[in-house]
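Participant: Going by the UniProt record's numbering, the first residue of the sequence shown is number 1, and it counts up by one from there.
Handing you this structure, nothing more for now.
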Amino acid sequence: MCTMRIAIYHNLPSGGAKRALQELVKGLGPRHHVDVFTLSSADHGFADLRPYVNGHQVMDFQPLPLFRSPWGRLNQLMRMADLLRLQQLTRRLAQTLEQGDYDVAFVQPCQFEVSPSLLSRLQTVPTVYFCQEPLRRVYEPMPARPYNQPRNSWRRRLDRLDPLPGLYHLLLKQADRHNVRQADRVLVNSHFVRRAVDRIYGVEAHVSYLGVDVRQFRPLGLAREKMVLSVGSLTPLKGFDFLIRSLARLPAADRPRLAIASNFQNPPERDYLHQLAAELDVELALLGNVSDQRLVELYNQAQVTVYAPVREPFGLVALESMACGTPVIAVREGGTQETVLHDQTGLLVRRDEREFAEALARLLSNPAQAREYGQAGREHVVRHWSWSRAVSTLEGHLEMAIQSRLQPLGAPQPLHESR
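Structure follows, in structure tokens:
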């Protein structure tokens, strides 16, 4: 395999996407020349890339401050201004990359644009875009929350008449579709997302599965507590309210504590979950700023990992839990169907509170079955979900993006499978 000069662009917050990028960079760094270009708005301390790359350039960008009520409706104008600022910034960055003799640009999502406008700016450098998920808030309905509802009738009328949210979403959607279609190669983390990309963008995407660090996420031999664990940002899409309602269906004497580990604490969602748990008599612990070491301990202390995100693109949480030898009960939708093996490493159930509660009661009352699932999960992850395999697959896609620019139009191109 030839050494590549790879430029990586990202504007990622803390979370699974940044953790995955760090693991990919760890694998690419020793074999290729890797430079990272990023923005000051990204989270650089979480899953730090700097120890593993040749260069790390941070460009200054922070979103414009938002208005408080009663001027909050003007915030859409501020967000539109941010989109224009990002387009100007990526135009300058594209010039830098095209003068840098890079073989390929590996482009990650942007927390503001989602699909970065850099994809539309680069002309001579082949681009590979890793689409973690489409821009969900403009392509699908979001779960309803009481704190998002207008408090009175005149606000509801104003919401219907206000053109700014629709205009902002229209501009965002148009830019997103255009940017994705400019990439030489689009990668996704699951077949579920591949189908969504085809439906929304009309683009053929290629599955490039992620992995798990099985040396870090491993069984520790800790005593199991009367606790079930879930992991993810405090947003409605993570389905934590569903978990609380499901737990409430268990008899009070058998009901375990629900611990939620999160690096992103959304105050309205946090308060909503606390209130819901109090109303339903479910013991809830919201754990913020959880270190990697502490997260591994939590997986090991939990009886079961419970996972109910809404149409989750991939489901890295399930794999991390399985790597620690902890069984998973997950909703049967999205990418979790590709990570959890039903009745082997855990249980997959419909998004039904009663059915989920029954599955949880089944495992809590049968520790031997839970241990069997946990052992099988560890073996499955070690065998099939290593980061070395994920990095090798990615290298193949980067090489094919380079070759696609070198081959004459219409020439047959090799196929590369991710598994």
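Every residue, glycine too, gets a C-beta built ideally from N, C-alpha and C.
On a predicted model such as this, the values are computed, not experimentally measured, just so you know.
Would you mind working out which of S365, Q344, T124 and R199 sits nearest E379, comparing C-alpha positions?
Facilitator: Minimum Cα distance to E379 is reached at Q344.
Participant: Could you tell me which uninterrupted beta strand (DSSP E) segments, each at least 3 residues in length, are contained entirely in the region 343–414, listed from first to last along the chain?
Facilitator: If we require 3 residues or more, the beta strand (DSSP E) runs fully inside the region 343–414 come out as 346–349.
Participant: Taking only the alpha-carbon atoms, compute the straight-line gap between residue 496 and Q301 and give it to the nearest angstrom.
Facilitator: What the structure shows of the chain is the stretch from 1 to 419, and residue 496 is not part of that stretch, so it cannot be assessed.
Participant: Measure the CB-CB distance between L287 and I260 and report whether it falls below 8 Å.
Facilitator: Taking 8 Å as the Cβ cut-off, L287 and I260 qualify as a contacting pair.
Participant: Nearest CA to the CA of A205: which residue from Y102, V138, C324 and F130?
Facilitator: Cα-wise, what sits closest to A205 is F130.
Participant: What does the alpha-carbon distance come out to for the pair G55 and D35?
Facilitator: G55 and D35: Cα-Cα distance of roughly 4 Å.
Participant: Taking the DSSP output, what are the residues bridged to H32?
Facilitator: DSSP, once it has assigned bridges, lists no residue as partnering H32.
Participant: Rounded to whole angstroms, what's the CA-CA distance from V391 to L210? Just pull it up for me.
Facilitator: V391 and L210: Cα-Cα distance of roughly 8 Å.
Participant: Below 8 Å between beta carbons: does that hold for P13 and D48?
Facilitator: No, the Cβ-Cβ distance between P13 and D48 is not below 8 Å.
Participant: For G15, which three-state DSSP category applies?
Facilitator: Coil.
Participant: A401 and D176: beta carbons closer than 8 Å?
Facilitator: Not a contact, by the Cβ cut-off of 8 Å.
Participant: According to the neighbour-count rule (16 or more other Cβ atoms, all chains shown, within 10 Å of its Cβ), is Y299 buried or exposed?
Facilitator: Answer is buried; the Cβ neighbour count reaches 16.
Participant: Spatial neighbours of T305 within its chain, please: CB distance less than 6 Å, with the 5 preceding and 5 following residues excluded, ordered by chain position.
Facilitator: Correct list, in chain order: L229, S321, T326 and V328.
Participant: Pull the bridge partners of I244 from the DSSP assignment, please.
Facilitator: Beta-bridge pairing links I244 to no other residue.
Participant: How far does the alpha helix (DSSP H) with V317 in it extend, from its first residue to its last?
Facilitator: L316 to A323 is the span of the alpha helix (DSSP H), which, as asked, contains V317.
Participant: To the nearest angstrom, how far is it from the Cα of V290 to the Cα of R405?
Facilitator: Computed Cα separation, rounded: 43 Å.
Participant: So L28 and N11 are supposed to be a Cβ contact under 8 Å. How far apart are they, rounded?
Facilitator: Incorrect: roughly 19 Å between the Cβ atoms, too far for contact.
Participant: May I ask which residues mark the beginning and end of the alpha helix (DSSP H) holding P267?
Facilitator: Its alpha helix (DSSP H) spans residues P267 to L280.
Participant: Quick check on the burial criterion: 16 or more other C-beta atoms within 10 angstroms. Buried or exposed for A277?
Facilitator: Label assigned to A277: buried.
Participant: Considering only DSSP beta bridges, list what G55 is partnered with.
Facilitator: Note: G55 sits in a beta bridge opposite D35.
Participant: Put F264 into one of helix, strand or coil per three-state DSSP.
Facilitator: Three-state DSSP puts F264 in coil, outside helix and strand.
Participant: What does the alpha-carbon distance come out to for the pair F314 and D101?
Facilitator: Those two C-alpha atoms are separated by around 34 Å.
Participant: Under a Cβ-count criterion, where at least 16 other Cβ atoms within 10 Å of its own Cβ denotes burial, should H397 be classed as buried or exposed?
Facilitator: When all chains shown are included, H397 counts as buried.
Participant: Distance check for L172 and W387, CA to CA, integer angstroms please.
Facilitator: Near 33 Å, if we compare the C-alpha coordinates of L172 and W387.
Participant: For Q293, report the span of its beta strand (DSSP E) as first-last.
Facilitator: Not the beta strand (DSSP E): Q293 falls in the alpha helix (DSSP H), residues D292 to Q301.
Participant: Assuming L97 and A7 are in contact, meaning their beta carbons sit under 8 Å apart, how far apart are those beta carbons, in whole angstroms?
Facilitator: Rounded, the Cβ-Cβ distance is 5 Å, consistent with contact.
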